[in-house]
Amino acid sequence: MNHRTAQPDARANGAVRGGAVRGAAARGPRRPGRPRRTRRWALAGACALLAVLVLADRVAAGVAEDRMADRIAARQSALVEAPDVSIDGFPFLWNAAAGNYPEVEVEGRARTDDGLPVTAAVDLREVSRTAGGYAAATARGRFEVPLDALAAKRGAGVRLTGRDGRLEITRSFMGVPLVVTAALKLTGDTVTLEPAAASLAGRPLDPANPQIAAALRAAERKIPELPLGLVPSGISVDAGAVTVHGEAREVALADAA
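Remember, the numbering used here sits 438 above the position in the sequence shown when you count from 1.
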């Protein structure tokens, strides 16, 4: 054998073997795939279980909201249909078991004894179970009456508009437009109007004119009794409606849930 030829061949073979060893070391040992697939399945199962629990919680909340809406409709004869009830707080089932709900919102449409449509929204906070049913720590309500419905009660040709937080009353007087702007005030449970400006055919009038003052006194309106013992606390007007605000504390509720 030629020694000079054998030495290069040995070096070449060693280099090949060394490269293979280094390549195998770089790739590292193969990791089994089954544990990774198991973890993925476990994660997917946990997500599915969580989704089912959330769905079940919301279904239970929806059932309770429907029951409460039906009972409120049965007790409030002024409502024209069952209200929308929203019980906030998650998880609902935990709150239901404890008998405490952080917030309950009720919205509905009603009608007064003289036929005025009212959109009502009541926000109950810290509702808790009591021996006689439930009680809310605080209650706040908003009761909106459309301006066009109020204008219809004042007779044909009367137009009411909310402007800059005041009520603008327009009607025809001797064939020309009479416009009176008044601020709404709440005196006890009565809505009063305080004249702020007036004009006849575009010419300014003294808003303290006795005839204007008498007409505004005739337009005063007593607020009907509010539900849940709410006490009128304010009144406001916007472009489309007059809103009566009410509030109360320690409100006793019947067992509605």
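Yeah, the Cβ is synthetic: ideal placement off N, Cα and C, and Gly gets one too. Just so you know, these numbers come straight off a predicted model, no measurement behind them.
- Quick one: Cα of glycine 626 to Cα of arginine 659, how far? 11 Å
- Task: May I ask you to list the residues that DSSP assigns as paired with isoleucine 607?
- Result: Leu598 and Val618
- Query: What first and last residue would you give for the alpha helix (DSSP H) that runs through aspartate 586?
  - Reply: 585 to 591
- Would you call proline 633 buried or exposed, if buried means 16 or more other Cβ atoms sit within 10 Å of its Cβ? buried
- Once you ignore the five residues that flank alanine 639 on each side, which residues in its own chain have a CB closer than 7 Å to its CB? Val614 and Pro615
- How long is the line joining the alpha carbons of proline 555 and histidine 683, rounded to whole angstroms? 16 Å
- Query: Under 8 Å between the Cβ atoms of alanine 620 and arginine 604?
  - Reply: yes
- Query: Going by C-alpha distance, which of Val680, Gly553, Val618 and Pro662 is nearest alanine 720?
  - Reply: For residue 720 there is no data in the structure shown, the boundaries of the chain being 439 and 695.
- Please report how far the alpha carbon of arginine 505 lies from the alpha carbon of arginine 609, in whole angstroms. 47 Å
- Item | Reduced DSSP secondary structure (H/G/I, E/B, other) of glycine 626 | coil
- Message: When you compare the CB of arginine 578 with every CB in chain C, is at least one pair closer than 8 Å?
- Response: No chain C is present in this structure, which holds just one protein chain.
- Item | Cα-Cα separation between tyrosine 572 and threonine 628, rounded to whole angstroms | 31 Å
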